[in-house]
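With our numbering applied, the sequence shown covers 55 to 312.
Ideal Cβ positions, reconstructed from N, Cα and C, are used throughout, including at glycine.
Taking it in order: structure first as C-alpha cells, then the write-up.
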Amino acid sequence: MYSTLLTSLENNILIITINRPDKLNALNQQVMSDLNDVMDEVYRNPEIKSVIITGAGPKSFVAGADISEFVGSSIEQGKALAKRGQDIFFKIENAPKPVMACVNGFALGGGCELAMSCHFRIASENAKFGQPEVNLGLLPGYGGTQRLTQLIGKGRALELLMSGGMIDAATALQYGLVNYVLPQEQLLQKAKDILNIINSKAPIAVAGCITAANAVFDETKNGFDVELNEFGKCFVTDDMKEGTAAFLEKRKAIFKGK
Ligand code: COA
Numbered sequence: 055m056y057s058t059l060l061t062s063l064e065n066n067i068l069i070i071t072i073n074r075p076d077k078l079n080a081l082n083q084q085v086m087s088d089l090n091d092v093m094d095e096v097y098r099n100p101e102i103k104s105v106i107i108t109g110a111g112p113k114s115f116v117a118g119a120d121i122s123e124f125v126g127s128s129i130e131q132g133k134a135l136a137k138r139g140q141d142i143f144f145k146i147e148n149a150p151k152p153v154m155a156c157v158n159g160f161a162l163g164g165g166c167e168l169a170m171s172c173h174f175r176i177a178s179e180n181a182k183f184g185q186p187e188v189n190l191g192l193l194p195g196y197g198g199t200q201r202l203t204q205l206i207g208k209g210r211a212l213e214l215l216m217s218g219g220m221i222d223a224a225t226a227l228q229y230g231l232v233n234y235v236l237p238q239e240q241l242l243q244k245a246k247d248i249l250n251i252i253n254s255k256a257p258i259a260v261a262g263c264i265t266a267a268n269a270v271f272d273e274t275k276n277g278f279d280v281e282l283n284e285f286g287k288c289f290v291t292d293d294m295k296e297g298t299a300a301f302l303e304k305r306k307a308i309f310k311g312k
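Listed below in C-alpha cells is the structure:
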C-alpha cells in the first residue's frame, strides 16, 4: 500500500518501518508522501491506538532527507521543501494517539527531526543522533532547530546544530533525548510493552495529555487553559465514569474511548 513503508497492525499498535535500507532509509519525497498518508490513516482508523516508527535494517533509523533531491534555484523552492516537511512532522506531533520513535541506528538530519516529532523516543545501543546539515551548507528545515532546543536545551542544541556533530545513544539518554537505551534485539519489544500499557488507558485522556503537553511549546496557547479544557472534556466521558467506578469497586477499568 505504501511503496516506501512497511506497516503492520498488531494489538492495536501500528508499526511503521521506513524501508529504504540501501539508502539508510533517507527521506525522499515518496517517503514523505507515504508518511503523510499513513498519518492520515492513524488519525482515521479506530483500530490504531498507538504507533511505532522505526527504520528497516540494523544500521539506520533514518540518515536524513535524501540529499540527491536537494536541487533548486530559488528561496521559495527551499522554503516549500522545508514547509512540506514541517507540516508532515506537525501531523505526527499533533496526532491524537501516541507516536513513539524506535531509533535503531543513525537518526541524522531529517531522521533526528522525525524522531523528535514523535511523542517520545527509545533507542538501540548503536543509535547516533545529529543534525549534520551545516556540513551541506544548510540548517535543519523540518523543525529540528526548534524541537532539539526544546528537548535538550539551547546550549547543547546549538553545539550540535552548529558543529554538525553526532552524539551516541548513551549521551542522548543523558540529555533526555531518549527515554531508554536497549540492545537492538530488545528495542521493539520494549516499545510494545510501553504502548500496551498506554493502550489500556482511557483514549480521550491520553489524547488530552498529548494536546496539553504540546501546548507548552505553542506560544499562541495558554497551556494551563488547554489543560482545563482537556480535563473538562474528560470529566463527562463514559470512560471517566468507568475509571472512577472501577477504582471504587476494586476492579480493572475497561475503557471504550467514549
Ligand atoms: N541522502 C541520500 N542518500 C543517503 C543519505 C542521505 N541523507 N544517507 C546515506 N545515503 C546513501 C549513501 O549515498 C549510500 O548510497 P550508495 O550505496 O548508493 O552510495 C548509502 O546510503 C549508504 O550510505 P554510506 O554513506 O555508504 O554509509 P556509511 O556507513 O559509510 O555512512 C553515514 C553512514 C550516515 C555517516 C553517511 O551515509 C552520511 O553521512 N549520510 C548523510 C547524513 C546527512 O548529512 N544527513 C542530513 C541530510 S539533510
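Own chain, CB closer than 8 Å to residue i, minus 5 neighbours either side, in chain order
{"i": "Gln-140", "result": "Gly-195, Tyr-196 and Gly-197"}
{"i": "Arg-74", "result": "Thr-58, Ala-80, Asn-82, Val-85 and Ala-110"}
{"i": "Val-235", "result": "Ile-176, Ala-177, Ser-178, Glu-179, Ala-181, Ala-223, Ala-224, Ala-226 and Leu-227"}
{"i": "Gly-318", "result": "As displayed, the chain neither begins before 55 nor continues past 312, which places residue 318 out of reach and without an answer."}
Alpha carbon of residue i to alpha carbon of residue j, nearest angstrom
{"i": "Ala-155", "j": "Ser-122", "result": "25 Å"}
{"i": "Ser-57", "j": "Lys-145", "result": "20 Å"}
{"i": "Pro-257", "j": "Asn-189", "result": "43 Å"}
{"i": "Arg-138", "j": "His-173", "result": "20 Å"}
{"i": "Thr-203", "j": "Lys-304", "result": "44 Å"}
{"i": "Met-55", "j": "Asp-120", "result": "21 Å"}
{"i": "Ser-62", "j": "Leu-241", "result": "16 Å"}
{"i": "Met-216", "j": "Ile-206", "result": "15 Å"}
{"i": "Glu-284", "j": "Ala-169", "result": "26 Å"}
{"i": "Cys-166", "j": "Asp-94", "result": "22 Å"}
{"i": "Ile-264", "j": "Leu-192", "result": "31 Å"}
{"i": "Leu-302", "j": "Met-294", "result": "12 Å"}
{"i": "Asp-279", "j": "Glu-273", "result": "13 Å"}
{"i": "Phe-124", "j": "Gly-163", "result": "13 Å"}
{"i": "Val-339", "j": "Lys-208", "result": "Examination of residue 339 is not possible in this model, given that the chain is present from 55 through 312 alone."}
{"i": "Phe-271", "j": "Val-92", "result": "25 Å"}
{"i": "Phe-143", "j": "Lys-275", "result": "19 Å"}
{"i": "Val-290", "j": "Ile-248", "result": "27 Å"}
{"i": "Leu-212", "j": "Pro-186", "result": "12 Å"}
Own chain residues within Cβ distance below 7 Å of residue i, not counting five before or after
{"i": "Leu-78", "result": "Lys-113, Ser-114, Ala-117 and Phe-160"}
{"i": "Asn-148", "result": "Asn-268"}
{"i": "Arg-210", "result": "Tyr-229"}
{"i": "Ala-245", "result": "Ile-106, Met-154, Cys-156 and Ile-176"}
{"i": "Gly-219", "result": "Gly-184"}
{"i": "Glu-296", "result": "Ala-307, Ile-308 and Phe-309"}
{"i": "Ala-299", "result": "none"}
{"i": "Ile-252", "result": "Ser-104, Pro-152 and Val-260"}
Coil, strand or helix - residue i by DSSP
{"i": "Ile-308", "result": "coil"}
{"i": "Cys-156", "result": "strand"}
{"i": "Tyr-229", "result": "helix"}
{"i": "Ser-62", "result": "strand"}
{"i": "Phe-174", "result": "strand"}
{"i": "Val-290", "result": "coil"}
{"i": "Lys-182", "result": "strand"}
{"i": "Tyr-97", "result": "helix"}
{"i": "Asp-222", "result": "strand"}
{"i": "Ile-258", "result": "helix"}
{"i": "Ser-10", "result": "There is no way to answer for residue 10, as the model of the chain reaches only from 55 to 312."}
Presumed contact (8 Å Cβ cut-off) between residue i and residue j, rounded CB distance
{"i": "Met-261", "j": "Gly-277", "result": "One detail in the question is off: residue 261 reads as Ala in this sequence, not Met. With 8 Å as the limit, Ala-261 and Gly-277 do not qualify as a contact, their Cβ atoms being about 16 Å apart."}
{"i": "Leu-231", "j": "Phe-183", "result": "6 Å"}
{"i": "Asn-65", "j": "Asn-250", "result": "7 Å"}
{"i": "Ser-104", "j": "Ile-70", "result": "In fact, because the Cβ distance is near 11 Å, the residues do not count as touching under 8 Å."}
Any non-hydrogen atom of ligand 1 closer than 7 Å to residue i Cβ
{"i": "Ile-221", "result": "no"}
{"i": "Gly-163", "result": "yes"}
{"i": "Asn-189", "result": "yes"}
{"i": "Ser-122", "result": "yes"}
{"i": "Leu-89", "result": "no"}
{"i": "Asp-76", "result": "yes"}
{"i": "Ala-80", "result": "yes"}
Same chain, Cβ closer than 6 Å to residue i, neighbours up to 5 away in sequence not counted
{"i": "Pro-150", "result": "Ala-261"}
{"i": "Ala-259", "result": "Cys-288"}
{"i": "Arg-201", "result": "Met-170"}
{"i": "Glu-281", "result": "Ala-266"}
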